[in-house]
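In the working numbering, the protein residues as written are 4 to 431.
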Ligand code: ADP
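Here it is in structure tokens:
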């Protein structure tokens, strides 16, 4: 309660006392003078005194009510402007008075902390001691405060809260209110975690062949030094491990190069048909080794806007996977054609179908993640890096295309590349 309001109550009380005193004197004089019988004088005095006491009680009650309603009164009276500004800010924002009571909050803040209510202390809704302390420090010391906190339920989320003291008069000793903004750090943290995971995975993938190489070198220097047969065998394994490391580094570099260029869309018209034929020719030896026949069917020419080498990379990965993982089916069918996307936009569609063991549905959504394999040992024995389909996905993203995968255990797998055709690409 302010001093001014205190004084009003004091005046009321003093006035009340004066009225009671004056009534006592007047009624006593009337009774003594004989103008009023004693009983009437008493009665009259009692009525006036009671009225005065009631008046004082009423003033006190009114003041108390005023005091209770004060936080709402502040925001309703003076701070329609403050509320309008807070409502118009793009981040979750809460304005608080110096005692930590909510003066205004916007929809985004309400979505973040639904228990927040205008007029109520923030501590009712957000039980975070470090935040409450930061608000009190900002309000008392007038200095900006930052608090990073995390929520575990219902999901892991991280926030940074900035508490800014605001003064209406720059020379004022204390701020009039504080503004609290929330920044969602969750996406940043996730990217950081992914990067850390990626480095850990890449190092692990490189360390395995490296450990094999070092082991064989040691054996060749020691026990197998004079064993010509063992040397031949070990050198062949070492060569394969060395190649695996080279492939891995090559794939990692390609991925980062494609990511760097992700925003630049290729703009050269390229015919897909010769690319696919070239890739199939290049994989002829592998196909023969695995006893697989490759059939190409469909259009004689199909142009897209693309990067020639990246498109080669896509089909190399898909056809090689079909030959490696689907060899049991002895046949791979490649279909080149045009079709339309789900929203009716014309596109080039190339599908690579094998008749191998297929892929269980739970793996399908994760196949294009870096280093994800259905069977790690099989991938390694096939010389896989676990990056092939991740590369395909990134290249297609850059080309504004997409990859769809259809498969069921025992029924083979179909990987379909969708790319905007030249006319469509130029329109967009
Ligand atoms: P990798 O280098 O291991 O081949 P990819 O990213 O190319 O990596 O493929 C990821 C995984 O997807 C493979 O390890 C394999 O388990 C599965 N896979 C890919 N193509 C096929 C296919 N045609 N049939 C069955 N499984 C496949």
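Backbone N, C-alpha and C fix where the C-beta goes; we use that ideal spot for every residue, glycine too.
Checklist entry - Counting pairs of beta carbons, one from the segment 252 to 270 and one from the segment 337 to 344, are three or more of them closer than 8 Å? => result Contact fails: fewer than three Cβ-Cβ distances are below 8 Å.
Item to check | Nearest-angstrom Cα separation, counted from residue 239 out to residue 426 | outcome: Here the alpha carbons of residue 239 and residue 426 stand approximately 50 Å from one another.
Checklist entry - Does DSSP put residue 407 in a helix, in a strand, or in coil? => result For residue 407, the three-state secondary structure derived from DSSP is strand.
Next on the checklist: For the ligand ADP, is there any heavy atom lying closer than 7 Å to the beta carbon of residue 334?
Outcome noted: With a threshold of 7 Å, the Cβ atom of residue 334 does not count as near the ligand ADP, since no heavy atom of the ligand is closer than that.
Next on the checklist: Applying the 10 Å Cβ sphere with the 16-neighbour rule, what's the burial state of residue 329?
Outcome noted: Burial call: buried.
Checklist entry - Going straight from the alpha carbon of residue 117 to that of residue 128, what length do you get? => result One Cα belongs to residue 117, the other to residue 128, and the distance between them is close to 8 Å.
Next on the checklist: Using only the alpha-carbon positions, how far apart do residue 2 and residue 338 sit?
Outcome noted: Within the shown structure, residues of the chain are numbered from 4 to 431, placing residue 2 beyond reach of any answer.
Next on the checklist: Quick check on DSSP: helix, strand or coil for residue 131?
Outcome noted: Reduced to three states, the DSSP call for residue 131 is coil.
Checklist entry - Hey, would you say residue 404 sits closer than 8 Å to residue 357, going by beta carbons? => result No. Outside cutoff.
Checklist entry - Can residue 375 be considered in contact with the ligand ADP, in the sense that its beta carbon sits closer than 7 Å to one or more heavy atoms? => result Under cutoff, so the answer is yes.
Item to check | For residue 384, the three-state DSSP class (helix, strand or coil) | outcome: Three-state result, residue 384: helix.
Item to check | For residue 125 and residue 204, the rounded distance between their alpha carbons | outcome: Taking the CA atoms as reference points, residue 204 sits about 44 Å from residue 125.
Checklist entry - So, does the CB of residue 110 fall closer than 8 Å to a CB anywhere in chain C? => result Of the protein chains in the structure, only one exists, and it is not chain C.
Next on the checklist: Using 8 Å as the threshold, is the C-beta distance between residue 261 and residue 401 below it?
Outcome noted: Annotated as proximal: residue 261 and residue 401, with beta-carbon spacing under 8 Å.
Item to check | Selection from 29, 89, 150, 334 that minimises the alpha carbon distance to residue 121 | outcome: Ranking 29, 89, 150, 334 by Cα distance to residue 121 puts 89 first.
Item to check | Beta-carbon proximity of residue 112 to residue 96, cut-off 8 Å | outcome: Yes, they are a contact pair.
Next on the checklist: Quick check: what's the CA-CA separation for residue 216 versus residue 199?
Outcome noted: The C-alpha of residue 199 is placed about 26 Å away from the C-alpha of residue 216.
Next on the checklist: Less than 7 Å separating the Cβ of residue 328 from some heavy atom of the ligand GTP?
Outcome noted: No copy of the ligand GTP appears in this structure; the ligands present are the ligand ADP.
Checklist entry - When DSSP labels each residue in this structure, what does residue 35 get in the three-state scheme? => result Here residue 35 carries a helix assignment [DSSP, helix/strand/coil].
Item to check | Residue range of the alpha helix (DSSP H) that includes residue 327 | outcome: Residues 311 to 328.
Checklist entry - Which value, in whole angstroms, describes the spacing of the CA atoms of residue 172 and residue 165? => result Near 21 Å, if we compare the C-alpha coordinates of residue 165 and residue 172.
Checklist entry - Is residue 433 near the ligand ADP, with its Cβ less than 7 Å from a heavy atom? => result As shown, the chain starts at 4 and ends at 431. That puts residue 433 outside it, with no answer to give.
Item to check | residue 202, enclosing beta strand (DSSP E) - first and last residue | outcome: Element bounds for residue 202: not the beta strand (DSSP E) but the alpha helix (DSSP H), 189 to 224.
Next on the checklist: Need the endpoints of the beta strand (DSSP E) that residue 354 sits in, please.
Outcome noted: From DSSP, the beta strand (DSSP E) with residue 354 extends over 349 to 357.
Item to check | residue 421: first and last residue of the uninterrupted alpha helix (DSSP H) it sits in | outcome: Careful: residue 421 lies outside any alpha helix (DSSP H), inside the beta strand (DSSP E) at 416 to 423.
Next on the checklist: Please report the distance separating the alpha-carbon of residue 245 from that of residue 234.
Outcome noted: Between the C-alpha atoms of residue 245 and residue 234 there is a straight-line separation of about 16 Å.
Item to check | residue 371, DSSP secondary structure in three states | outcome: Three-state result, residue 371: coil.
Checklist entry - Any idea if residue 132 is buried or exposed, counting beta-carbon neighbours within 10 angstroms, 16 or more meaning buried? => result Counting the other Cβ atoms within 10 Å of the Cβ of residue 132 gives fewer than 16, which makes it exposed.
Checklist entry - Is the beta carbon of residue 251 sitting closer than 8 Å to the one on residue 180? => result With respect to residue 180, residue 251 sits apart: the two C-beta atoms are not nearer than 8 Å.
Checklist entry - Do you know offhand how far residue 98's Cα is from residue 177's? => result It is roughly 16 Å from the alpha-carbon of residue 98 to the alpha-carbon of residue 177.
Next on the checklist: By DSSP's criteria, residue 154 is part of a beta bridge. Which residues make up the other side?
Outcome noted: Bridge partners of residue 154: 160.
Next on the checklist: At a cut-off of 7 Å, would you count residue 399 as near the ligand ADP, judging by its Cβ distance to the nearest heavy atom?
Outcome noted: In terms of side-chain proximity, the C-beta atom of residue 399 is found no nearer than 7 Å to any non-hydrogen atom of the ligand ADP.
Next on the checklist: Excluding the 5 residues flanking residue 140 on each side, which residues of the same chain have their C-beta closer than 6 Å to its C-beta?
Outcome noted: Excluding positions up to five away in sequence, the list reads 148.
Checklist entry - Which whole-angstrom value describes the C-beta separation of residue 350 and residue 424, a residue pair presumed to lie in contact below a C-beta threshold of 8 Å? => result Cβ-Cβ separation between residue 350 and residue 424: approximately 6 Å, consistent with a contact (criterion under 8 Å).
Item to check | CB contact flag (residue 333, residue 294, <8 Å) | outcome: The Cβ atoms of residue 333 and residue 294 sit closer than 8 Å to each other.
Checklist entry - Alpha carbon to alpha carbon, what distance is there between residue 386 and residue 379? => result Each residue's Cα considered, the two are about 11 Å apart.
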